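Residue numbers (our numbering): 52 to 145.
Down below is the structure, laid out as structure tokens.
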């Protein structure tokens, strides 16, 4: 995950990265497997000078492959907070 975030920091897209559905362009997730478990990190590159990691978690779905709603809601809330933080530090976004 660290490598994928480093690539994003320099404007690239790591092969393990895919779009995060539901929040539009500029929000991505990295999926890694380790010791039989799946881990995800969700980040955004919507802001010119900053990559914000919105959430990192172990995937533990109780029903199929769907991401739990609590994790989806947390990503949405943190994206709003990231926008507020970016605007406070760098001014309004586009």
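Glycine included, each C-beta is placed from N, C-alpha and C at the ideal position.
Note that this is a predicted model, so its numbers are computed, not measured.
Asked	Found
Excluding the 5 residues preceding and the 5 following residue 90 in the sequence, name in chain order all residues of the same chain whose CB lies nearer than 8 Å to its CB.	52, 82, 83, 84, 107, 108, 109 and 110
In terms of residue numbering, what span does the beta strand (DSSP E) encompassing residue 74 cover?	Unbroken run through residue 74: none, as it is neither H nor E.
What's the C-alpha gap between residue 58 and residue 139?	25 Å
Kindly list the residues whose CB is nearer than 8 Å to the CB of residue 136, restricted to its own chain and excluding five residues on each side of it in sequence; keep chain order.	103
Give a yes or no on whether the C-beta atoms belonging to residue 95 and residue 120 are separated by under 8 Å.	no
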